[in-house]
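There are 2 protein chains.
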Amino acid sequence: MGIIRKTKSLKRVLDTFQKSDAAISVVQLIDNMKHHMNKTTVYRILDRLKQEGIVHSFHGKDGLKWYAKCSDHSSHQNTDTHPHFHCNHCGAVECLPIDIQIPDIPNLQISSAEVILAGICSKCNP
Amino acid sequence: MGIIRKTKSLKRVLDTFQKSDAAISVVQLIDNMKHHMNKTTVYRILDRLKQEGIVHSFHGKDGLKWYAKCSDHSSHQNTDTHPHFHCNHCGAVECLPIDIQIPDIPNLQISSAEVILAGICSKCNP
DNA sequence: AAATTTAATGCAACTAAATTGCATTAGCAA
DNA sequence: TTGCTAATGCAATTTAGTTGCATTAAATTT
Ligand SMILES: [Mn+2]
Ligand SMILES: [Mn+2]
Ligand SMILES: [Zn+2]
Ligand SMILES: [Zn+2]
């Protein structure tokens, strides 16, 4: 595992994540890359980057897929349960560097959690 | 608001929710109803039931839409932030009657939260 | 009980996200 | 430079969800 060819396409996508902490939707990323690579390629690159632990994915408030860079400290591959905030006004999504406490539930073996918070972000706030 | 014709189709869908507390995916519900009504009708009935506060919706771990009956006590239309559990093994989804504490985040106005937990349910457990 | 009104439905066409198969290209190591 | 094969492009496909419009059937009125 871990065999990655550093193709131009991969570098370009990787760059997007390294330049900013912001999460990006697949739809948006495909659009950003449309003059440089095929959408199928974007999907496949995201798969690889995720497998390598370089990015993580989750679903935004509308069920669409988003990706964001894994921050250095939060690379606990499995137990990375930080929440995400989706702005209802501008549509931006950000990773929140906090820990949501998931209580133990009797009879349930919880192995992962997705927490998506929605509201108004700081930029859209008065 | 609240004008609802008690059509045969609506009664049939309503019955599904009243007979069980389990959540059901739209995909599954459409399949269950396929001999009795059109999928468009299912979508529209779900919209109405939700508007009436009879059911609530959320996204499962794969981003698909699920619905479940609103329990009598949890009909705080807005602040209903109970989590949902999605079994990785059998695919069942259940509403969890617990409260997840969402901490205040500086600069963010959080108005809703979706918490989806994944793992192994009691039936799939040893 | 018939006529009226219009919410609700069926259906086909459509949109959009995500996936797949296959021929071609380009990283990279020998 | 050559050879291997991971990676890509592209077109077709799948699937969730939506829309427009003609038709049907609840509910209300006569
Ligand atoms: Mn994140
Ligand atoms: Mn629920
Ligand atoms: Zn915003
Ligand atoms: Zn299960």
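First to last, the sequence lines map onto chains A and B.
Heads up: the first sequence at position 81 corresponds to 81 in the working numbering, and the numbers run straight through without jumps.
So the number in the working numbering is just where the residue sits in the second sequence, counting from 1, plus 126.
The beta-carbon is built from N, C-alpha and C at its ideal position, and this holds for glycine as well.
Proximity test, Cβ basis, 8 Å: residue i and chain A
i	result
alanine 149 of chain B	no
glutamate 240 of chain B	yes
leucine 234 of chain B	yes
asparagine 164 of chain B	no
alanine 244 of chain B	yes
glutamine 144 of chain B	no
serine 248 of chain B	yes
isoleucine 226 of chain B	yes
Assigned exposure category for residue i - 16 Cβ within 10 Å defines buried
i	result
leucine 46 of chain A	buried
cysteine 90 of chain A	exposed
asparagine 251 of chain B	exposed
glycine 258 of chain B	No answer is possible for residue 258 of chain B: the residues shown for chain B start at 127 and end at 252.
leucine 175 of chain B	buried
leucine 190 of chain B	exposed
asparagine 78 of chain A	Interpretation of asparagine 78 of chain A is limited by its pLDDT of 40, a score under 50 that renders its predicted location unreliable; no figure is taken from the coordinates.
glycine 179 of chain B	exposed
proline 106 of chain A	exposed
histidine 161 of chain B	exposed
Option nearest residue i by Cα separation, candidates the options
i	options	result
aspartate 31 of chain A	A/Ser71, A/Cys121, A/Thr16	A/Thr16
isoleucine 100 of chain A	B/His182, B/Glu220, B/Ile180, B/Ile242	B/Ile242
isoleucine 224 of chain B	A/Lys65, A/His86, A/Asp104, A/Leu10	A/Asp104
valine 130 of chain A	A/Ser122, A/Trp66, A/His82	Any question about residue 130 of chain A goes unanswered here, given that chain A covers just 1 to 126.
histidine 21 of chain A	A/Ala68, A/Leu10, A/Tyr43, A/Gly119	According to the sequence provided, residue 21 of chain A is aspartate. The question's histidine does not apply to it. Among A/Ala68, A/Leu10, A/Tyr43, A/Gly119, the Cα nearest to that of aspartate 21 of chain A belongs to A/Ala68.
glutamine 144 of chain B	B/Phe184, B/Ser151, B/Ser183, B/Cys196	B/Cys196
isoleucine 120 of chain A	A/Asn88, A/Leu96, A/Val93, A/Cys95	A/Asn88
aspartate 188 of chain B	B/Gln177, B/Ala218, B/Ser135	B/Ala218
Residue i CB to nearest heavy atom of ligand 1 below 7 Å
i	result
cysteine 87 of chain A	no
alanine 118 of chain A	no
alanine 92 of chain A	no
histidine 56 of chain A	yes
Any non-hydrogen atom of ligand 4 within 7 Å of residue i CB
i	result
alanine 148 of chain B	no
alanine 239 of chain B	no
cysteine 221 of chain B	no
lysine 249 of chain B	yes
Contact test: residue i Cβ vs ligand 2 heavy atom, cutoff 7 Å
i	result
histidine 84 of chain A	no
alanine 194 of chain B	yes
CB contact check: residue i to chain B, cutoff 8 Å
i	result
lysine 61 of chain A	yes
asparagine 32 of chain A	no
lysine 65 of chain A	yes
leucine 96 of chain A	yes
Cβ-heavy atom distance, residue i to ligand 3, below 7 Å
i	result
isoleucine 231 of chain B	no
lysine 132 of chain B	no
Pairs of beta-carbons, one from the stretch 227 to 238 of chain B and one from the stretch 152 to 167 of chain B, closer than 8 Å: are there three or more? no
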